[in-house]
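Engineer: For the sequence shown, numbering that gives the first Met the number 0 gives the first residue as 0, with consecutive numbering after it.
For every residue, glycine included, the Cβ atom is placed at its ideal position computed from N, Cα and C.
Okay, handing you the structure first.
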Amino acid sequence: MEAAFFEGAEKKVALTVSRRWGSLRSLGEPFFRAVVEAAGAKVVSAARAERADAYLLSESSLFVFDDRLRMITCGRTRLVDAALMLVERLGRDAVTSLVYERQSARAPSAQPTSFADDVRRLEGALEGEALRFGDRYGEGLGVFRAASSAPVGSRFHTHQVLMHGVRTERLEARCAAGARDPLGLAPWLDGFATDERFFEPSGYSLNALRDDAYAAVHVTPDARGGYASFELGFGAGHRSRADDDGTLPAALDAFVCRLVEALRPRSIDVVRFAPTLDALADPALAGYEVARRLRSPVRGLEAAMYQLDASAPGRSTTCDAALDAAGVG
C-alpha cells in the first residue's frame, strides 16, 4: 500500500535581533516549544552547544543563537504564525532583519495559506519587500525580507541545496536496518554535534552544530519522487576540519556531492544568501547543468538561485571514492 502523501516543500524564517535586546537563547526552551507549536509542529529533541541551541522538530529544525535564529518547517505547518509570535514577543524595534522563504508546494490546495497570504500578514508587522525566484516544473521560491539599515549578523552566509525527485531506496533500507548516519555524512561533519532521526512511516532529519555554524538535512520519500534539502549557515571565516584549506565554503562542494550521489535527484535548486555573492562561482555538480541563474538584492542582502537539471544518467566517478569511504554505495 502506497504511503500517504506528505508535503516536503519547506517554509523558512531567519530572524536577527539588536545586541541591545540581549540573547535570544535567554528566552528558554519553554518559549521556543510554544513558538514551534504555534507553527503546528512539535519539538522532538533538543541539543545545546556553547554558542547555540538546536531543536529537531516533527517537521524540520530550529536553531537559536544569541543574536539570530533559523526555523525550517514543512508539511501543512503555519510558519508565518510562529514568525509573527516572535516579532510580537521581541518588539519590532528589536528585529534588525527577518527573511521569510516559502517553496512552491506540490499540493498547494492542501496548504492552510499561500505565500501571498503570508506576505500580507508579515507586512502588517514589518515593512519589507517580496520577490519570487523561478517556477521551473512548479519549483519556485518566494522570499520576503524586512531589515533595518545595519542588520546584525550581516556577515552570515546561508547555502541551501533543494533536491527534487530524489531516490530514497538506499536511505530507507539503511534506516530500516538501524544504521546510524545512513547518508554517510559523518566524515564531513567531524567536530559537529549532531542529532538525527528517522520518522515513521517515512522521513529523515539531521541537525548539526559547531561554533557559529549549523547544518540541517531533511529527506521526505515519495513514490512519485521524493524531496530532500540541505542547508548550511556559517559566519565569515568559519573553519571546517574536513577540508584541506579549512574553510566551510571549500568543503561544501564535497559534502553536497555526497548527498547528490546518494539521492540522485531529478533536479536541484541551489539558493544562496550573503552580504555579497560576487566571489562565488556557479555551483558545479557532475552530471548536472545549470539551466537558469537568478540573482537579486533584497534590502541589503544578496540572494541567488541556480536551477540545475540532470544532464547524464548514472553515477559520476567524481564522488565515487568519497562515497565509498563514507559507506554510501
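List the endpoints of the continuous alpha helix (DSSP H) containing alanine 106.
Structural biologist: Along the sequence shown, one-based indexing puts residue 106 at 107. First-last for alanine 106: undefined, no H or E at that position.
Engineer: Report the rounded CA-to-CA distance for leucine 170 versus alanine 261, giving the unit in angstroms.
Structural biologist: Indexing the sequence shown from 1 puts residue 170 at position 171. Indexing the sequence shown from 1 puts residue 261 at position 262. Using only the alpha carbons, I get a separation of about 8 angstroms.
Engineer: At what residues does the alpha helix (DSSP H) containing glycine 123 begin and finish?
Structural biologist: Numbered from its first residue, the sequence shown carries residue 123 at position 124. Here glycine 123 belongs to no alpha helix (DSSP H), and DSSP marks it neither H nor E.
Engineer: Who are the near neighbours of tyrosine 54 in its chain, counting only those whose CB is closer than 6 angstroms to its CB and skipping five residues on each side?
Structural biologist: On the sequence shown, residue 54 is found 55 positions in, with the first residue counted as 1. These residues qualify, in order along the chain: Val42, Ala45, Leu61.
Engineer: With 16 as the cutoff for other CB atoms within 10 Å, does proline 111 come out buried or exposed?
Structural biologist: The residue labelled residue 111 in the question sits at position 112 within the sequence shown. With fewer than 16 Cβ atoms within 10 Å of its Cβ, proline 111 is classed as exposed.
Engineer: Whose C-beta lies closer than 6 angstroms to the C-beta of valine 118 among residues of the same chain, with five residues either side of it excluded?
Structural biologist: Within the sequence shown, numbered from 1, the residue matching residue 118 stands at position 119. The residues are Ala129, Phe143.
Engineer: Give me whichever residues DSSP pairs with glycine 225 in a beta bridge.
Structural biologist: Looking up residue 225 in the sequence shown gives position 226. DSSP output for glycine 225 lists Val165 as bridge partner(s).
Engineer: Whose C-beta lies closer than 7 angstroms to the C-beta of alanine 241 among residues of the same chain, with five residues either side of it excluded?
Structural biologist: One-based indexing of the sequence shown puts residue 241 at position 242. Residue placement at alanine 241 cannot be trusted, given a pLDDT of 41 that sits under 50; what the coordinates show is reported in the next sentence. Result list for alanine 241: Pro186, Trp187, Asp189, Ala250, in chain order.
Engineer: List the residues that DSSP assigns as beta-bridge partners of arginine 144.
Structural biologist: The sequence position of residue 144 within the sequence shown is 145, counting from 1. Note: arginine 144 sits in a beta bridge opposite Val98, Glu128.
Engineer: First and last residue of the alpha helix (DSSP H) that includes leucine 85?
Structural biologist: Against the sequence shown, residue 85 aligns to sequence position 86. Looking at the DSSP string, the run of the alpha helix (DSSP H) that includes leucine 85 is 78-89.
Engineer: At which residues does the beta strand (DSSP E) containing alanine 40 begin and terminate?
Structural biologist: Residue mapping note: residue 40 aligns to position 41 of the sequence shown, counting from 1. Taken as a continuous stretch (DSSP letters only), alanine 40 belongs to no beta strand (DSSP E), as it is neither H nor E.
Engineer: Report buried or exposed for aspartate 211, applying the criterion of at least 16 other Cβ atoms within 10 angstroms of its Cβ.
Structural biologist: Counted from its first residue, the sequence shown places residue 211 at position 212. Counting Cβ neighbours within 10 Å, aspartate 211 comes out buried, since at least 16 surround it.
Engineer: When DSSP labels each residue in this structure, what does glycine 27 get in the three-state scheme?
Structural biologist: Reading the sequence shown from its first residue, position 28 is the one you call residue 27. DSSP places glycine 27 in helix when its eight states are reduced to three.
Engineer: Do the segment 86-106 and the segment 12-30 touch if we need at least three Cβ pairs shorter than 8 angstroms?
Structural biologist: yes
Engineer: What are the partner residues of phenylalanine 62, as DSSP defines its beta bridges?
Structural biologist: What you label residue 62 is simply residue 63 of the sequence shown in a count that begins at 1. BP columns for phenylalanine 62 point to Ala53, Arg69.
Engineer: Run the CB neighbour count on arginine 91, radius 10 Å, all protein chains shown included, and call it buried at 16 or more, exposed below.
Structural biologist: Walking along the sequence shown from the start, residue 91 turns up at place 92. Arginine 91 is exposed by the Cβ-count criterion.
Engineer: Is DSSP giving arginine 179 helix, strand or coil here?
Structural biologist: As a position in the sequence shown, residue 179 is number 180, starting the count at 1. Looking at arginine 179 - three-state DSSP - the assignment turns out to be coil, as it is neither helix nor strand.
Engineer: Alpha carbon to alpha carbon, how far is glutamate 199 from leucine 182?
Structural biologist: Sequence index remark: in the sequence shown, residue 199 carries index 200 (1-based). Sequence index remark: in the sequence shown, residue 182 carries index 183 (1-based). Take the alpha-carbon of glutamate 199 and the one of leucine 182: they are about 17 angstroms apart.
Engineer: Taking the Cβ atom as the reference point for each residue, do arginine 120 and leucine 83 lie within a distance shorter than 9 angstroms?
Structural biologist: Here the question's residue 120 lines up with position 121 in the sequence shown. Here the question's residue 83 lines up with position 84 in the sequence shown. Yes, they are a contact pair.
Engineer: Taking the alpha-carbon positions, what's the alanine 106 to arginine 24 distance?
Structural biologist: On the sequence shown, residue 106 is found 107 positions in, with the first residue counted as 1. On the sequence shown, residue 24 is found 25 positions in, with the first residue counted as 1. When rounded, the distance between both Cα atoms is 35 angstroms.
Engineer: What is the rounded straight-line gap between the Cα of glycine 27 and the Cα of valine 289?
Structural biologist: The sequence position of residue 27 within the sequence shown is 28, counting from 1. The sequence position of residue 289 within the sequence shown is 290, counting from 1. One C-alpha to the other measures close to 43 angstroms.
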